[in-house]
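Numbering (the numbering used here), first residue to last: 12 to 305. For reference, the structure discussed in these notes is given below.
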């Protein structure tokens, strides 16, 4: 699996490739689709963040506005009031990398100033392109997510990924974001309307490596998992872990999840198998070349 060093704000970095990286979702919102209202106060949010770190999350992704379909838009000032105290408190502890889930350039700037290392934009830089300039100027890592919302999509799921993400990458580069600061996210559930759309994206996930960047998977508790399993959102941890393993085997590097512990364990098994496959392949190559040289 391709490895690389992801450069982040505040002089930090994260090595990607050899081990899966779990990103814990921290929604400081009253209306997110599966955990709205659970962590919308600073004390509850910090307790949940510490719980996820204890379970193995390497990054905490803090969001202040729900991205669920039909979610109510809020003002930038309200978003900032929700997330900045949490980011500041997490940064003071210094125990975890922090991502801010926002499409607003000014929110991203304030979040990085408060201690965030990564900007995670679910609109792929195409809602407020100035967010790319903020990432470049602050040195933040940048997660660029694909979405099909508010636009005409191409009928082929991978062709649409390439068309959208190549436009996003052009925005990033035009604004000075270095390639080693970028991770791509194919945006499971974001205007992939049916379970078949999302399963097709999973089945063809490896094709996204042609874009040349590390990949994050965000399947956690998504509706297509409920369609397959018959489970309500809060009961989709096992289904999510299954998708994490599948996508790890197809080359995903990071996994954004609500339920950290079960995904950490599932991905540890996937990583162990991948390591054995790599070792077996190396032994086979040594045996073949050894015989040829004999």
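Just so it is clear, CB atoms sit at the ideal spot from N, CA and C, and this is done for glycine as well.
Should residue i and residue j be called a contact, given that it needs their Cβ atoms to be closer than 9 Å?
i           : j           : result
residue 127 : residue 73  : yes
residue 264 : residue 27  : yes
residue 234 : residue 248 : no
residue 184 : residue 36  : no
residue 123 : residue 87  : no
residue 70  : residue 108 : yes
residue 172 : residue 101 : no
residue 155 : residue 191 : no
residue 33  : residue 194 : no
residue 252 : residue 274 : yes
residue 76  : residue 90  : yes
Taking 7 Å as the limit between beta carbons, can you name the residues of its chain near residue i, skipping five residues before and five after?
i           : result
residue 78  : 133
residue 158 : 133, 134, 135, 198, 201, 202
residue 188 : 143, 146, 147, 153
residue 141 : 116
residue 238 : 206
residue 45  : Low per-residue confidence applies at residue 45: pLDDT is 48, beneath 50, and the placement is therefore not dependable enough to give any value.
residue 261 : 216, 217
DSSP puts residue i in a beta bridge; with which residues?
i           : result
residue 72  : 36, 110
residue 227 : 265
residue 129 : 110, 152
residue 18  : 24
residue 236 : Answer is none; residue 236 lacks a bridge partner.
Excluding the 5 residues flanking residue i on each side, which residues of the same chain have their C-beta closer than 6 Å to its C-beta?
i           : result
residue 168 : 211, 212
residue 259 : 31, 278, 281
residue 25  : 17
residue 125 : 95, 98, 99
residue 186 : 143, 144, 147
residue 286 : none
Kindly list the residues whose CB is nearer than 8 Å to the CB of residue i, restricted to its own chain and excluding five residues on each side of it in sequence; keep chain order.
i           : result
residue 163 : none
residue 209 : 199, 200, 203, 230, 233, 235
Run the CB neighbour count on residue i, radius 10 Å, all protein chains shown included, and call it buried at 16 or more, exposed below.
i           : result
residue 113 : buried
residue 255 : buried
residue 166 : exposed
residue 56  : buried
residue 297 : exposed
residue 288 : exposed
residue 292 : exposed
residue 105 : exposed
residue 181 : exposed
(request) Counting only runs of 4+ residues fully inside the region 154 to 215, write out the alpha helix (DSSP H) ranges in chain order. (result) Within the region 154 to 215, the complete alpha helix (DSSP H) runs of at least 4 residues are 168 to 185, 206 to 214.
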